[in-house]
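In the working numbering, the protein residues as written are 18 to 451. Just so it is clear, CB atoms sit at the ideal spot from N, CA and C, and this is done for glycine as well. Please read all numbers here as calculations on a predicted model, not as lab measurements. Taking it in order: structure first as structure tokens, then the write-up.
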């Protein structure tokens, strides 16, 4: 295919609109991200039962959780390599098969050591889902509303938190922790079967010079609701500007931004009850306060998804990082119950604006198609490794220092990330990435 024809393919891809095929892609990705998010809360609930029933010791329970983090690390890297070299579809399907089968086998684990190994293998697939899901929506979505669609995946994923906790509260007491693995693993394998017809990314096919295959999928993406190919769109939709970001620059911004928001999110949300107790709030009240504050998560993700296409990626990310730093310090000085909940809710809201803006939208836009999965994979892998060590830092601070030190840590991390994005981060709003 000649250069003119290749340019036409890229142009048609850049000016495509939401079509039945795109809605299918979005739905399948969102379903996978719900299972991904559900697993995080599932493992936390199951671990507490394993300790209570003496299926695992405290040390073994910690290994069970750590195995998940290590699996996420390797899964992020593997997904990046497989997706860029062998295709998005292969990476996207293999990760779900691995996660679903290993989770299902976890229900049959005879001892904690077997469960730890299976958890590690399942988490490899889970780590790949994070990389592949957001990047795929980014590659298929219409450029003008790319931020909205990518952000909406984060909104849907965050809805898994209350659903999983409610499901665990009913299933585990009545049917044991093993049934939770059966449910999540079974649903994952069912989705794997449904996703077998998932299309390959046209952008990846073009990068591999498989133009005829790309043309077929691009035709389907440009179909209107009556199933007719809309070729008039080329003259009615403005061709977006193109922008190339160096891989080194993209990696710097992605690693710093993703690591920062993961550290802030994990530190605050995971240690929220403990931090409240350290500030003098009763244990029972701390759990209620935490639940109220976490209501801000889906609303924050929705707000982030709404703002990135309107204001631009950099304005939202930089402003919200600074906002998070300030409100983190304000939260550290609250003692009255009402103030703790209100300020905490605002802080959670800001954190999840960043989660939607950075992890769901911005990271995939920082890299060319040939390196997109690896770039997102490396950024997420570094963030997971840092998260492994964070509990020890928090535990040290709570033991030997004051709880307020944790919020100074959150503020410092957020401000550093804001500066890096401001200096080195490109604006990718409505930009056609390579």
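The three-state reading of DSSP puts residue 77 in helix, counting H, G and I together.
Non-local C-beta neighbours of residue 310 in its own chain, meaning closer than 6 angstroms and more than five positions away in sequence, comprise 361, 362 and 365, ordered along the chain. Approximately 22 angstroms separates the beta-carbon atoms of residue 109 and residue 198; this is outside 8 angstroms, ruling out the contact. Buried is the label assigned to residue 282, since at least 16 other Cβ atoms lie within 10 Å of its Cβ. Annotation for residue 104: 217 and 221 place their beta carbon closer than 7 angstroms to its own, counting only its chain and skipping 5 residues before and after. Here residue 443 is buried, its C-beta having at least 16 other C-beta atoms within 10 Å. With three or more CB-CB distances shorter than 8 angstroms, the region 425-440 counts as touching the region 331-349. Between residue 344 and residue 367, the C-beta gap is smaller than 8 angstroms, which places the two residues in contact. Distance from the CA atom of residue 160 to the CA atom of residue 101, rounded to whole angstroms, is 21 angstroms. Looking from the CA of residue 137, the closest CA among 357, 414, 190 and 60 belongs to 60. Taking a C-beta distance under 8 angstroms as the contact criterion, residue 204 and residue 52 qualify as a contact pair. By the Cβ-count criterion, residue 440 is exposed, with fewer than 16 other Cβ atoms from all chains shown falling within 10 Å of its own Cβ. With at least 16 other beta carbons inside 10 angstroms of its own, residue 81 counts as buried.
The DSSP assignment places no complete beta strand (DSSP E) segment of no fewer than 3 residues inside the region 353-427.
Burial state of residue 279 is buried, judged by a 10 Å Cβ sphere holding 16 or more other Cβ atoms. Distance from residue 374 to residue 333 at the Cβ level is roughly 5 angstroms; contact confirmed, criterion being Cβ atoms closer than 8 angstroms. Membership of residue 161 in any alpha helix (DSSP H) is not indicated, and neither H nor E is assigned to it by DSSP.
Between the alpha carbons of residue 400 and residue 90 lies a gap of roughly 8 angstroms.
Rounded to the nearest angstrom, the Cβ distance from residue 119 to residue 85 is 11 angstroms, too far for a contact under 8 angstroms. Residue 219 and residue 131 have their alpha carbons spaced roughly 41 angstroms apart. Within the same chain, Cβ atoms closer than 6 angstroms to the Cβ of residue 394 are found at 93, 94, 96, 97 and 148, the five residues on either side in sequence being excluded. A residue is called buried once 16 or more other Cβ atoms fall within 10 Å of its Cβ, and residue 350, having fewer, is exposed.
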